[in-house]
Amino acid sequence: MSLSRLAKNKYLIGGLLLVFNLILISVQIPLGSKQTLLEKLFFTAFSPVQRAAVSAFNYVTQGWHNIRSLKEAQKENQELKNQIFFLNQEKELLLEKLRLSLAQLELEKNFQSLESSILPARVIGLDTANYFRSAVIDRGSDDGVTKNLAVCDRFGRLVGKTAEPISGQTAKVILITSEESGVAVISASDRLPGILSGDGQGKCLVKYVMSSSPGGVVGDEILTSGYDQIFPPGLKVGRIAWITSQAGLFKKIVVKPYFDFKELGLVAVLRTGQASKR
Amino acid sequence: MRTVRIRKGLVLLLMLVLAFAFYSLLGRLNPNLIVFINTFSMAVLLAAIIYGEIEGAVMGTVAGLLADAFSDGVFGLSGLSLTITGFLAGWFAQKINLNSLGKRSVMLFFFSLFQLLLWVVLYNFIFKNSLLYSRPGLYLQPVITAIITSLLAGLLRPVKKAVD
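Those protein sequence lines, which keep their order, are chains B and U.
Take the first sequence: its position 190, counted from the start at 1, is 190 in the numbering used here, and no numbers get skipped.
Take the second sequence: its position 50, counted from the start at 1, is 1050 in the numbering used here, and no numbers get skipped.
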């Protein structure tokens, strides 16, 4: 049979495509969360489409919003001007206080490092299979994003960390609600340490806390401990929703994360995390 | 012949880009919407009923791998389920007359349901985690996807004639 006749055999082509997908799965499973070249290629090729679609949507909605609320914006603008005036006064007072306690050079150095450490980013996509697992942000290696940088929401509460694949202008973020995530945490009141991981359904679990351990209080705040050398210590993560310790060696501590998916438009990538220092 | 193939390829690529852009917009509007509407499945079913089984299967592979690339799951999982669905939907669409909206919607519903079940079974098999418990919105996905795809197929018919 000639090659052109073979190429027209639809069952053969269908079968080949099926085998191709099965090969991809069998290659991917042993790799775990590590990406293949083809996956990176798809991500890099299509992330500009996602970026453009979300930007166009933002542009249109923002334009419409601006038209509708021009009057409100003027009023708000005046209020903001007043606020800026008072904030500037406040800032000057605080700066003066700081100048008293720190040397001028050290002060400027601190401000410079703080300014360059926070990288604002927009969430432009959520995980196609399970949106509790990962998201895509519009910052990539061109902006200095590398893997294992902490990502917080606009209130400074932990959202996740950057992960491969990272293209020039986009990067993937593994959310703390993903089963794949792992964050070294500590409870605020009794300093109970543990490893926080997601359940893939919107909640998190503090793992490896012995049933016999006295710590852990419902309602207690969970913070990053910094022991994992990835997340800076003291970032707010969530609150303990409930604890069960009836069966098994370890307690089941369920944490409700602070960040809200519906408000996950703007996030901050912390470039001075412990991971980037290494 | 070559011009027709190139034109067809470009139409399929455009469908894929639009499906992906639409998925991004849905996620931006409300994350729950991407549970109800599977834009990748819509693109594959459209390609299958408009062009046939080969185009459906190729679209299934490409759209599925694209969905997998933007997911933290196993690369190839959606590709496999969408390839099988695309091929079968294309093969079936050649056998029956899909001019009526009702018949088209029923056929698309079954294939959308088939794709979802295949994907859920494979996902559960690998991750040992049932998505049907955590996101009951998935139950509605085949109905919504079938209705929208059926309407789009009706609208695209004159467009396809004009392009051809």
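The beta carbon of each residue, even a glycine, is placed where N, CA and C say it ideally should be.
Residue i classed as buried or exposed, judged by whether at least 16 other C-beta atoms fall within 10 angstroms
i	result
P214 of chain B	exposed
G1079 of chain U	buried
E1055 of chain U	buried
Y131 of chain B	buried
D260 of chain B	exposed
K1103 of chain U	exposed
F1040 of chain U	buried
Q1141 of chain U	buried
F86 of chain B	exposed
S212 of chain B	exposed
Inter-residue spacing [alpha-carbon to alpha-carbon] between residue i and residue j
i	j	result
T170 of chain B	D142 of chain B	9 Å
L1156 of chain U	T1149 of chain U	10 Å
A275 of chain B	G226 of chain B	Only weak support exists for where A275 of chain B lies, its pLDDT of 47 falling under 50; the coordinates are left without a value.
G198 of chain B	G160 of chain B	10 Å
G168 of chain B	Q201 of chain B	30 Å
V123 of chain B	T36 of chain B	24 Å
R1005 of chain U	T1145 of chain U	28 Å
A53 of chain B	L1117 of chain U	29 Å
N21 of chain B	G1076 of chain U	5 Å
S55 of chain B	T61 of chain B	10 Å
T244 of chain B	E263 of chain B	30 Å
V1074 of chain U	R68 of chain B	45 Å
I23 of chain B	P30 of chain B	12 Å
F1036 of chain U	K81 of chain B	43 Å
P1158 of chain U	N1099 of chain U	12 Å
A45 of chain B	G63 of chain B	28 Å
V1002 of chain U	A1048 of chain U	According to the sequence as given, residue 1002 of chain U is Arg; it is not Val. Whole-angstrom Cα-Cα distance: 20 Å.
G1027 of chain U	Y1139 of chain U	18 Å
Partner residues on chain B for residue i, Cβ-Cβ distance less than 7 Å
i	result
T1083 of chain U	L17, L18 and N21
R1002 of chain U	Simply none; closest approach about 13 Å.
R1028 of chain U	V54 and F57
M1112 of chain U	In the sequence under discussion, the amino acid at residue 1112 of chain U is Ser, which differs from the Met named in the question. In chain order: nothing, as chain B lies at least about 16 Å away.
A1067 of chain U	T128
S1024 of chain U	Q50, A53, V54, I124 and G125
V1017 of chain U	V49
Amino acids of chain B, ordered along the chain, whose beta-carbon sits closer than 8 Å to that of residue i
i	result
A1021 of chain U	V49, Q50, A52 and A53
V1011 of chain U	Here the premise fails: no neighbours, minimum Cβ distance about 17 Å.
Residue i (DSSP reduced to helix, strand or coil)
i	result
E39 of chain B	helix
P165 of chain B	strand
F1087 of chain U	helix
A1063 of chain U	helix
D153 of chain B	strand
L107 of chain B	Residue confidence is low: L107 of chain B scores 44 on pLDDT, short of 50, so the model does not pin down where it sits. No coordinate-derived value is stated.
E183 of chain B	This sequence places Val at residue 183 of chain B; Glu is not what is there. Three-state DSSP puts V183 of chain B in a strand.
V145 of chain B	coil
G202 of chain B	coil
K91 of chain B	helix
V1074 of chain U	coil
V1004 of chain U	helix
I222 of chain B	strand
K1128 of chain U	coil
P1136 of chain U	helix
V217 of chain B	coil
F231 of chain B	coil
N1038 of chain U	coil
G1052 of chain U	coil
Where residue i meets chain U, residues with beta-carbon distance less than 8 Å
i	result
V294 of chain B	The question about residue 294 of chain B has no answer here: the residues shown for chain B are numbered 1 through 278.
L126 of chain B	G1027, P1031 and I1034
Y258 of chain B	Going along chain U, no residue has its Cβ under 8 Å from Y258 of chain B, so there is no contact; the nearest lies around 17 Å.
S33 of chain B	D1072
I174 of chain B	D1072
T177 of chain B	Correct list: empty, because the minimum Cβ distance to chain U is about 11 Å.
In DSSP terms, what residue i is bridged to
i	result
F1022 of chain U	None; F1022 of chain U has no bridge partner.
P120 of chain B	B:A268
F250 of chain B	B:M210
I240 of chain B	B:V255
L18 of chain B	DSSP lists no partner for L18 of chain B.
P193 of chain B	B:I186
G1154 of chain U	DSSP, once it has assigned bridges, lists no residue as partnering G1154 of chain U.
L158 of chain B	B:C152
G125 of chain B	B:V136
K172 of chain B	B:V136 and B:A163
Residues that residue i contacts on chain U, provided the C-beta gap is smaller than 7 Å
i	result
K10 of chain B	E1053 and I1054
F42 of chain B	L1065, L1066 and A1069
E164 of chain B	Those do not exist, as E164 of chain B stays about 11 Å from chain U at its closest Cβ, beyond 7 Å.
Q28 of chain B	V1074, F1075 and G1076
Partners in chain B for residue i, counting only beta-carbon separations shorter than 9 Å
i	result
V1058 of chain U	I13 and L17
F1125 of chain U	None at all; the shortest Cβ gap to chain B is about 11 Å.
Residue i Cβ short of 8 Å to the ligand NAD heavy atom set
i	result
L18 of chain B	Absent from the structure shown: the ligand NAD. Ligands present: none.
Contact set between residue i and chain U, taken where Cβ atoms lie within less than 9 Å
i	result
R133 of chain B	S1071, D1072 and G1073
L149 of chain B	Near L149 of chain B there are no residues of chain U at all, since even the closest Cβ is about 17 Å away, more than 9 Å.
Any chain D beta carbon closer than 9 Å to residue i
i	result
F1040 of chain U	Considering every chain present, this structure includes no chain D. Its protein chains are B and U.
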